[in-house]
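Novice:
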Amino acid sequence: MAADLDQLQQLLNTLLSTDNDTRKQAEEAYNNLPVDSKVTFLLSSLCNATLTEEMRAMAAVLLRRLFASEFMDFYPKIPPEAQAQLREQILLSVQSEQTETIRRKVCEVAAEVARNLIDEDGNNQWPEFLQFLFQCANSPVPALKENALRMFTSVPGVFGNQQANYLDLIKQMLQQSIMDSANYEVRFQAVRAIGAFIVLHDKEDNIQNHFSELLPAIVQVIAQSVEKQTDDALLKVLIDLAESTPKFLRLQLETIMEMCMKIFSNDDMIDSWRQLALEVLVTLAETAPAMVRKVGGKYIASLVPLVLKMMTDIQEDEKWSFSDEIVEDDNDSNNVVAESALDRLACGLGGKTMLPQIVQNIPSMLNNSDWKYRHAALMAISAVGEGCHKQMEVILPQIMDGVIQYLQDPHPRVRYAACNAVGQMSTDFAPVFEKKFHDKVIPGLLMVLDDNANPRVQAHAGAALVNFSEDCPKNILTPYLDAIMAKLESILTAKFQELVEKGTKLVLEQVVTTIASVADTCEEQFVTYYDRLMPCLKYIIQNANQQEHKMLRGKTIECVSLIGLAVGPEKFIADASEVMDMLLKTHSEGDLPDDDPQTSYLISAWARICKILGKQFEQYLPLVMGPVLRTAAMKPEVAVLDNEDMEGLEDVDWEFISLGEQQNFGIKTAGLEDKASACEMLVCYARELKEGFADYAEEVVRLMVPLLKFYFHDGVRTAAAASLPYLLDCAKIKGPQYLEGMWAYICPDLLKAIDTEPEPEVLLEILYSLAKCIETLGAGCLGAQPMAELLRILDKLLNKHFERAVARLEKRKDEDYDEVVEEQLADEDSEDVYTLSKIADILHALFTTHTSSFFPYFDQICGHFVKLLSPERPWSDHQWALCVFDDIIEFAGPECAKYQEYFLRPMIQYVSDKSAEVRQAAAYGCGILGQYGGEAFAQACAEALPRLMDVINDPESRSPENVNPTENAISAVTKILKYNNKAINVDEILPYWVSWLPVVEDRDEAPHVYGYLCDLIEANHVIVLGPNNANLPRLISFFAEAFCQNVVSTDNPVMGRILSIVRQIQNNESMFQACINALTADQQQALHEALRAQPTN
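At position 344 of the sequence shown the residue is numbered 344 (UniProt numbering), and the sequence of numbers has no breaks.
1. Can you give me the start and stop residues for the beta strand (DSSP E) that Ala639 sits inside?
2. Measuring CB atoms only, is the stretch 429-442 touching the stretch 323-343, in the sense that at least three cross pairs come out at less than 8 Å?
3. Our contact map puts Arg87 next to Asn147 with C-beta atoms below 8 Å; I'd like the distance itself, whole angstroms only.
4. Using the DSSP secondary-structure output, state which residues sit across from residue 1100 in a beta bridge.
5. Determine the closest residue to Lys436 out of Leu477, Asn420 and Asp451, with distance taken between C-alpha atoms.
6. Who are the near neighbours of Asp6 in its chain, counting only those whose CB is closer than 6 Å to its CB and skipping five residues on each side?
7. DSSP on Gly590, reduced to helix/strand/coil?
8. Please list, in chain order, all residues of the same chain as residue 1107 whose beta carbon is under 6 Å from its beta carbon, the five residues on each side excluded.
9. Do Val191 and Val237 come within 9 Å of each other at the CB atom, strictly closer than that value?
10. Counting beta carbon pairs with one atom in the stretch 852-864 and one in the stretch 776-794, are three or more of them shorter than 8 Å?
11. Out of curiosity, what's the CA-to-CA distance linking Thr756 and Met742?
12. Which same chain residues end up closer than 6 Å to Leu809 when comparing Cβ atoms and leaving out the 5 residues on each side of it in sequence?
13. Am I right that Val527 and Val466 are in contact with their C-beta atoms under 8 Å? What's the rounded C-beta distance?
14. With a threshold of 8 Å, are at least 3 pairs of Cβ atoms found where one atom belongs to the stretch 237-253 and the other to the stretch 262-274?
15. With a 10 Å radius around its C-beta and 16 neighbouring C-beta atoms as the bar for buried, classify Asn985 as buried or exposed.
16. Rounded to whole angstroms, what is the Cα-Cα separation between Ala29 and Ser604?
17. Please confirm whether Glu700 and Tyr745 have their CB atoms less than 9 Å apart.
18. On a CA-only basis, which of Lys914, Ser912, Ile908 and Gln931 is nearest Phe891? Give me that one, please.
19. Nearest-angstrom Cα distance between Val624 and Ala720?
20. Does the pairing of the stretch 375-389 with the stretch 347-366 give three or more beta-carbon distances under 8 Å?
21. Which residue from His201, Ala670 and Phe188 puts its Cα closest to that of Val221?
22. Does Asn1031 come out as helix, strand or coil in the three-state DSSP assignment?
23. Since Ser912 and Asp950 should fall inside the 8 Å C-beta cutoff, what is the C-beta to C-beta distance between them, to a whole number of angstroms?
24. Does the separation of the CB atoms of Leu798 and His878 fall below 9 Å?
25. Provide the residue span of the alpha helix (DSSP H) that contains Glu316, from first to last.
26. List in chain order: all unbroken alpha helix (DSSP H) runs of 4+ residues lying wholly within the stretch 341-399.
27. Determine the extent of the alpha helix (DSSP H) in which Arg1057 is found, giving its start and end residues.
28. With DSSP run on the structure shown, which of helix, strand or coil describes Asn664?
29. Return the chain-ordered list of same chain residues with a C-beta closer than 6 Å to the C-beta of Thr153, the five sequence neighbours on each side being excluded.
30. Can you find at least 3 beta carbon pairs, one from the stretch 28-45 and one from the stretch 74-92, that sit closer than 8 Å?
31. Output the distance between the C-alpha atoms of Glu120 and Trp126, rounded to the nearest integer angstrom.
32. Report yes or no: do the stretch 1057-1065 and the stretch 1025-1040 share at least 3 C-beta pairs separated by less than 8 Å?
33. So for residue 1101, helix, strand or coil by DSSP?
34. Determine the burial state of Ser426: buried for a count of at least 16 other Cβ atoms within 10 Å of its Cβ, exposed for fewer.
35. Taking the alpha-carbon positions, what's the Gly692 to Tyr620 distance?
36. For Arg115 versus Asp818, is the C-beta spacing smaller than 9 Å?
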């Protein structure tokens, strides 16, 4: 054994080797050892004081990692006495170790074992550890106190289900330690321990309150650590507390903000410390904005100028403006940190707090002779747009007056920043910005596009033009099209030449993207430039084959496909097959690696070309599906790293989240966007090609269904959900049995996804997907078990809806509640409403397909909708509950009487509601009650009539916000007159009814109204036609206005009836002339076009 031990110690030494190959061989040998041998060997090495410190430290690190990953694989298998010996030996090491670095590591090993010995029910199976912890904490030896605190910090949940019994002892241990005035290191470790314990209980206010009296001491020790400048760990603890439990800090908030401001404002302090202090302030502004506004508001006025000053900390770089490769600023550099902080402060605290500070500080910076101040001011305007949106929108003209002139600044980096501000505002304030400032922005950017001496600035002007044109209304951009394209074409030619001669490509890549964006907005207007551009773009795709040209080629592929989509199939068809062949060649010849930038451009381009070619694209499916499916199926790299592994790790391609207690989960984010994009393209193929995609439906379903739980990327889950109804549609061609099999595979996972989806926005898409699937499949698609599961989930979602409303009421009682909080609560409210609307979509699908056979299931959740109708609920609850009862009436007809005790009275009353949306839902309900409810509801219809007439006759009834409920009310009266008039005098109401015409907004309801008018004219109803048909010109003007406003579609049977009435009148020339004379010029034209479009049979 001794010889073995020597060999193993030699192995340990080799693991520390700086030679990669030697170390790799040692790692392999170590990995091949059995776990119990590793434990014995590492523990004995750790306790062997004769070994070097590095070897012992290495043994400790390996032992802790081993326990973290494989403890439960080996520990239960060794005999109880060996288990006890292991535990004892570890505690002994903690107690007797003299070397400080090793002692720290031994504490981590002990904590790891303790963590593993708490079972799932919270029972601690190592009571000696708890006794040892208190024993060390109460020891007169400072090093042992530190040990106790270190171990507790590593595993603050160590007391498991017995914690409540120990809470006072835990508090006493921490309080004694943080008050230990003789030992700074003990106080230091006590802050870490308290921080870990409070963060672990971030949802438990009672524990936080119990420990809040320790807060002054915590802040004091953190301040001491700042003075000593040796270890910044305590500022990081403060950041963790600010993130998880900001309310815990409330009583000391002023002191904390004061301390952080002092650090941040001290230019002599190390940058990393200043950045940490800023991070505390910014995190608090994000997690507890109302508290910061109320308690710490006075610090904001001095914080903002300091952040702006930090943004001026930029290095001079002579080569910056003409470098062809863009190297992004380091994320730790002061200007990047400060710009991000300003953005986050604006989003956290809101425009009312932040914009006055910006307005106060920016003008003097813009006038500063030092370019760095002008640059920082313009970047600040870009940064705060999102957070200060509402307040900035009001003063946009003043902001633009300030910004636009800097497109001509003498310094290239200031011109760059001005382009950046214009581009960012184009996005943040679209389309208002585009409508108001096109006459300044487009000429301004075109001028900067001439800056050949500074390619980086020139390219950024192109990027700003992309942002501007993306959200610009077509009619605004089109008049500038010639000027824009003249500029872009000349740059394209010049830069292509430059690529050939010098190899520079930055501006060329950008100009190709800008052309694509302009084409995308101007659509068919772009056709003029097609023939001039396409040869050059195709040439780039064919010849840009070098490794360094991949991005250029990808962007050109994007450009060609967007131009094709813009000009339409008639123009593009001549080039379509050549372009497709080029794109396919890229893939087949190059066999692109996973991270090739061309892949995502190719996949998106194929989907656009599929939209252009429609059915003709099917021939390419066998060639494109391989790469698209491969990208969509890409499995991201993941890793679990401990805190030590994380130290000094900087990789932009990886994202990490802390799992708590030393563990971090990492995912390689590169490629995730491509995966999401490929999934979206599969949705596009299924939607566009329908049965033409049937042969791929099964493979795609097998890919998509598991992706409903791909929690690394919201876009992937959204696309997976969106694909399912289209895939079922594709599969219909393969027969009912095949379709049933596919649905049996989809349904359980789709329901599970609704039940477990964490993101509200994605949940909406999944709910909508289920509704569409039910509509696609029809009655009986949900068996007893899935139906029961669906109702359980809907019940849960509706309960949550009510719970969140209660929680919002509680937030209004919070001590820091203010008007900005109210705005956020309103946003939360509307998020809830969206979920409610999607639940209504599912019920709509079930009532459409199952009619009254769904009643027994609906009964299980009916109570929620009755509650939603009650008077004290908000208007949106009333609206969606009415929509559900509207569906019951429409699809179950007279059988809806089962629920009339719940819906009838509220429906009639809500016709007069002050909310337009509620009036519309109630009026619609009264109409379909007339149409489908049957004679049993004749009296109810008669009762609703006066209320409906009041809505229509209101002086404001045709204002934009009221016109839809008003037209729904007119349609409701129409349906009652036509289908359910037993309890009313029709002739008495008709003169009023005619006086309300025409209806011109609601395309769903207009055919009902005009159809009834046709009934009355065809029946020669004297009240409507008047004596000697005197009212005909007026009635024909109603029809003409309906044509004018396109409210009756050409394929609606009512259209044919209207036209045959008009043609009958045409036979009486003088009467027809009188009718025509009564029309406006637009109405005359619309009538003639309608007659011409539908010739007589």
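Heads up, the beta-carbon is just placed ideally off N, CA and C, and yes, glycines get one too.
Specialist: Taking the structure as given:
1. Position 639 of the sequence shown, counted from the first residue, corresponds to residue 639. It spans Val638 to Asp642 - the beta strand (DSSP E) in which Ala639 sits, taken as one unbroken run.
2. no
3. In the sequence shown, residue 87 corresponds to position 87, counting from 1. In the sequence shown, residue 147 corresponds to position 147, counting from 1. The pair is not a contact, with the Cβ atoms about 16 Å apart (cut-off 8 Å).
4. This structure gives no information on residue 1100, because the portion of the chain shown stretches from 1 to 1097.
5. Within the sequence shown, the letter at position 436 stands for residue 436. Minimum Cα distance to Lys436 is reached at Leu477.
6. Locating residue 6 in the sequence shown gives position 6, counting from the first residue. Nothing listed; no residue qualifies.
7. Locating residue 590 in the sequence shown gives position 590, where the first residue counts as 1. Residue confidence is low: Gly590 scores 48 on pLDDT, short of 50, so the model does not pin down where it sits. Its coordinate-derived value is still stated next. The answer is helix: DSSP assigns Gly590 an H, G or I state.
8. It is not possible to answer for residue 1107, since the shown part of the chain is limited to 1 through 1097.
9. On the sequence shown, position 237 is the one that residue 237 refers to. On the sequence shown, position 191 is the one that residue 191 refers to. Cβ atoms of Val237 and Val191: closer than 9 Å.
10. yes
11. Your numbering for residue 756 matches position 756 in the sequence shown. Your numbering for residue 742 matches position 742 in the sequence shown. Their backbone Cα atoms lie some 22 Å apart in a straight line.
12. Position 809 of the sequence shown, counting from 1, holds the residue named residue 809. Cβ within range, chain order: n/a, list empty.
13. Locating residue 527 in the sequence shown gives position 527, where the first residue counts as 1. Locating residue 466 in the sequence shown gives position 466, where the first residue counts as 1. Incorrect: roughly 21 Å between the Cβ atoms, too far for contact.
14. no
15. Mapped onto the sequence shown, residue 985 falls at position 985. Exposed: under 16 other Cβ atoms inside 10 Å.
16. Translated into positions along the sequence shown, residue 29 becomes position 29. Translated into positions along the sequence shown, residue 604 becomes position 604. If you take the alpha carbons of Ala29 and Ser604, they lie about 47 Å apart.
17. Residue 700 sits at position 700 when you count from the first residue of the sequence shown. Residue 745 sits at position 745 when you count from the first residue of the sequence shown. At residue 700 the sequence reads Val, which differs from the Glu that was named. Not a contact, by the Cβ cut-off of 9 Å.
18. Position 891 of the sequence shown, counted from the first residue, corresponds to residue 891. Residue Gln931 is the option with its Cα nearest to Phe891.
19. Locating residue 624 in the sequence shown gives position 624, counting from the first residue. Locating residue 720 in the sequence shown gives position 720, counting from the first residue. So the two alpha carbons sit approximately 19 Å from each other.
20. yes
21. The sequence position of residue 221 within the sequence shown is 221, counting from 1. For Val221, the nearest C-alpha among the options comes from Phe188.
22. Stepping through the sequence shown from its first residue, residue 1031 is reached at position 1031. The answer is coil: DSSP assigns Asn1031 none of H, G, I, E or B.
23. Your numbering for residue 912 matches position 912 in the sequence shown. Your numbering for residue 950 matches position 950 in the sequence shown. Ser912 to Asp950, Cβ: 7 Å. Contact.
24. Position 798 of the sequence shown holds residue 798. Position 878 of the sequence shown holds residue 878. No. Outside cutoff.
25. Position 316 of the sequence shown, counted from the start, is the residue given in the question as residue 316. Taken as a continuous stretch (DSSP letters only), Glu316 belongs to no alpha helix (DSSP H), as it is neither H nor E.
26. 351-366, 371-384 and 389-394
27. Within the sequence shown, residue 1057 is the residue found at index 1057, counting from 1. Segment Pro1053 to Gln1066, the alpha helix (DSSP H) holding Arg1057.
28. Reading the sequence shown from its first residue, position 664 is the one you call residue 664. Reduced to three states, the DSSP call for Asn664 is strand.
29. On the sequence shown, position 153 is the one that residue 153 refers to. Hits under 6 Å: Arg192, Ala193 and Ala196.
30. yes
31. For the purposes of this step, residue 120 is taken as the residue at position 120 of the sequence shown. For the purposes of this step, residue 126 is taken as the residue at position 126 of the sequence shown. When rounded, the distance between both Cα atoms is 14 Å.
32. yes
33. With the chain covering only 1 through 1097, there is no way to say anything about residue 1101.
34. Reading the sequence shown from its first residue, position 426 is the one you call residue 426. The residue is buried, with at least 16 neighbouring Cβ atoms inside 10 Å.
35. Counting from one through the sequence shown, the residue named residue 692 turns up at place 692. Counting from one through the sequence shown, the residue named residue 620 turns up at place 620. Going from the Cα of Gly692 to the Cα of Tyr620 covers about 11 Å.
36. Here residue 115 corresponds to residue number 115 of the sequence shown, with the count starting at 1. Here residue 818 corresponds to residue number 818 of the sequence shown, with the count starting at 1. Not a contact, by the Cβ cut-off of 9 Å.
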